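First comes the structure, then the notes that go with it.
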Amino acid sequence: MSRIALIGASGEVGSRLLKELSDRGHTVTAIARHPEKIASLPHVTAVQGDVNDLDGLIALLQGHDVAISAVRFVSTDPSKLITAVRAAGVKRYLLVGGAASLEVAPGQRLIDQPAFPDAYRTEALGGIAFLDQLRKEQELDWTFLSPSAEFGPGQRTGKFRLGKDSLLVSDQGSKISYEDYAIALVDEIERPSHSRQRFTVGY
């Protein structure tokens, strides 16, 4: 089992990732600004941390095999997070990504479509900038997992598809639950197949 640092462990996606990791027996340092909001689970140690405190974050990340970032892009500085993971000596870095940069047709991203909601644009642009920076990264073994267009609470079914840079769409639209997303990300930790790549998950 891996020693994993999960940044943003109390959030909507982070809490599902935390449960999936705990259920599979991984040892997790669950990092959040308010650790009292982190669920009490086996193999989990909740700690207080701030993504904008570089030195503090480096200290928290040291000694882990994997770091996962499950925090909103509007709240983070990509350079600071990448620097912290590198400086801490963590070998693998996985990010809860966004769907906006996925292609809906060759050369056409989801964010560029007329119906893309303005309310999500700032967060989406942050995710695109983070992915662009990762693609220039020369040292870290990173993976960026983009969800489908509709991403929310639901069922843990274990039945989904994986893709690369194109939005996955079914007759039900483009959807994935937080719970099934968590399965896909933890699968990637246990059986790495998208090193230094972005991939996506959907029904």
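No gaps in the numbering here: position 114 of the sequence shown is 114 in UniProt numbering, and each next residue is one more. Where a beta carbon is used, it is the ideal one built from N, C-alpha and C, also for glycine. The structure presented is a predicted model; accordingly, all values stated were derived computationally and were not measured.
**Report entry** Meets three-Cβ-pair contact criterion under 8 angstroms: the region 53-69 and the region 113-120
**Finding:** no
**Report entry** DSSP three-state assignment for residue 205, whether helix, strand or coil
**Finding:** Residue 205 falls outside the range modelled here, since the chain spans only 1 to 203, and no answer is possible.
Query raised in the report: In terms of residues, what are the limits of the alpha helix (DSSP H) holding residue 179?
Result: 178-190
Query - Contact belief for residue 183 with residue 20 at Cβ below 8 angstroms, rounded distance in angstroms - result: 6 angstroms
Report task. Tell me residue 152's beta-bridge partners as DSSP assigns them. Result -> 177
Report task. Below 7 angstroms CB to CB, which residues in the same chain sit around residue 129 once its five sequence neighbours on both sides are set aside? Result -> Same-chain partners within the cutoff: 78.
Query raised in the report: Assuming residue 65 contacts residue 3 under a Cβ cut-off of 8 angstroms, what Cβ separation, rounded to an integer in Å, is found between them?
Result: Contact flag correct, Cβ pair sits at about 5 angstroms.
Query raised in the report: What residue range is occupied by the uninterrupted beta strand (DSSP E) comprising residue 145?
Result: 141-146
Query raised in the report: Once you ignore the five residues that flank residue 38 on each side, which residues in its own chain have a CB closer than 6 angstroms to its CB?
Result: 9, 10, 30, 32, 46
Query raised in the report: So what does DSSP say about residue 5, is it helix, strand or coil?
Result: strand
Requested in this report: Provide the residue(s) that pair with residue 166 in DSSP beta bridges, ordered along the chain.
Outcome: 103
Report task. Would you grab the beta carbon distance between residue 200 and residue 102 for me? Rounded to a whole angstrom, and I think it's under 8 angstroms. Result -> 6 angstroms
Query raised in the report: For the beta strand (DSSP E) that residue 158 lies in, which residues bound it at each end?
Result: No beta strand (DSSP E) holds residue 158; DSSP gives it neither H nor E.
Requested in this report: Identify, in the order they occur along the chain, each residue of the same chain with its Cβ nearer than 7 angstroms to the Cβ of residue 54, setting aside the five sequence neighbours on each side.
Outcome: 80, 83, 84
**Report entry** Proximity winner among 160, 34, 156, relative to residue 148 (alpha-carbon distances)
**Finding:** 160
Query raised in the report: Terminal residues of the continuous alpha helix (DSSP H) containing residue 128?
Result: Here the alpha helix (DSSP H) through residue 128 covers 121-135.
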